[in-house]
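Counting from 1, one number per residue, gives the positions in the sequence shown under full-length UniProt numbering.
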Amino acid sequence: MSPRPAERGRTVSARPGDGGHSRPAVAQGGHRTPAGASPGAAGSEPRWLTDDEQRVWRLFLAVNRLLWARLEQELQRDAGMPHAYYEVLVHLSEAPGRRLRMSQLAERSLSSPSRLSHAVNRLERLGWVVREALPADRRCQIAVLTDAGFAALAAAAPGHVEGVRTHLFDALTPEQVRQLGDICQAIVQRINAVPCRQCAPPTRPRTGTVPDS
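This is the structure:
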C-alpha cells in the first residue's frame with residue numbers, strides 16, 4: 001500500500017501524454033486490430049480517451065501519486081509509521097471497544113487479507129495491536145487496539161491531519177470540496193457496480209509462425 005516517497009524538494013509537473021489511452025497514430029485510418037489483441041465491446045473500436053479526458057486522467061494520476069507520496073513521507077518522518085499502519089489504527093479506534101474482526105478490518109481498509117495480516121503482525125510487535133480469538137469461533141480472529149496503540153495514533157494524528165489540510169483542502173474552495181466529494185462518490189459507486197473484467201491471457205503465435213499484419 002505504501003508508495004515510494006517523492007524526492008524531497010522535487011517539483012513534478014503533470015503533462016498530458018498518451019499513456020496508452022489515446023487513439024494511436026497508426027489507428028487513424030485503415031488500422032486492423034493486431035492478432036491476439038482484445039477489441040472493444042462487441043468487437044467495436046476501443047473507446048479511446050478524448051483530449052480532455054486524457055488531460056483529466058493524467059492529472060488524476062499525478063494528484064493521486066504526489067499527494068499519497070507526500071503524506072506517506074511526512075507520516076514516516078513525524079510518526080515513524082507508514083500510512084497502512086496508521087489506517088489500521090484509525091479503523092480500530094473508531095470501532096466499538098476498539099476491536100474488529102480481521103475480515104471487517106480488511107474490508108474497511110480496502111486491504112487484502114495477506115497485506116492486512118502483515119501490517120497487524122508488525123503492529124503486534126510494536127505493542128499497538130493484539131489479536132484475540134472469538135470465543136464462539138476460535139478460527140475467527142479479532143484485532144484489538146491497545147492503549148499504547150491509541151497513544152501512538154493520538155500522537156501522529158495532528159501532524160497527519162495538518163498535512164491533509166495543507167496539501168488537499170487548502171487548495172480548494174468549500175464548493176470545490178463538495179464537488180470533489182460528489183465526484184469521488186460517483187466513481188466509487190461505479191467501480192462497485194461494474195464487475196471486474198476477466199482478462200484472458202495474451203494469445204502467442206506458435207513457433208515458426210508469423211502473426212497477420
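Don't be surprised by glycine CBs; every beta carbon is placed ideally from N, CA and C.
Whether residue i touches residue j by CB criterion (8 Å)
i           : j           : result
residue 145 : residue 92  : yes
residue 143 : residue 105 : yes
residue 61  : residue 160 : no
residue 122 : residue 85  : yes
residue 157 : residue 128 : no
Backbone secondary structure at residue i - three-state DSSP
i           : result
residue 110 : coil
residue 130 : strand
residue 46  : coil
residue 194 : coil
Minimum C-alpha distance to residue i - residue among the options
i           : options               : result
residue 103 : 90, 141 and 159       : 141
residue 98  : 132, 178, 186 and 193 : 132
residue 70  : 162, 51 and 183       : 162
residue 171 : 101, 51, 67 and 47    : 67
residue 219 : 185, 136, 194 and 152 : Outside the modelled stretch of the chain, which goes from 1 to 213, sits residue 219, for which no answer is possible.
residue 217 : 194, 178, 196 and 167 : Residue 217 lies beyond the range of the chain shown here (1 to 213); nothing can be said about it.
residue 100 : 114, 134, 83 and 126  : 134
residue 83  : 164, 177 and 175      : 164
Rounded distance between the beta-carbons of residue j and residue i, thought under 8 Å
i          : j           : result
residue 88 : residue 130 : With a Cβ gap of about 13 Å, residue 88 and residue 130 do not count as contacting.
residue 79 : residue 154 : That pair is no contact at about 11 Å.
>> What ranges does the beta strand (DSSP E) occupy inside the UniProt domain "HTH marR-type" (53-189), keeping only unbroken runs of at least 3 residues that lie completely in it?
In response: Qualifying beta strand (DSSP E) stretches, in chain order: 99-101, 129-134 and 137-145.
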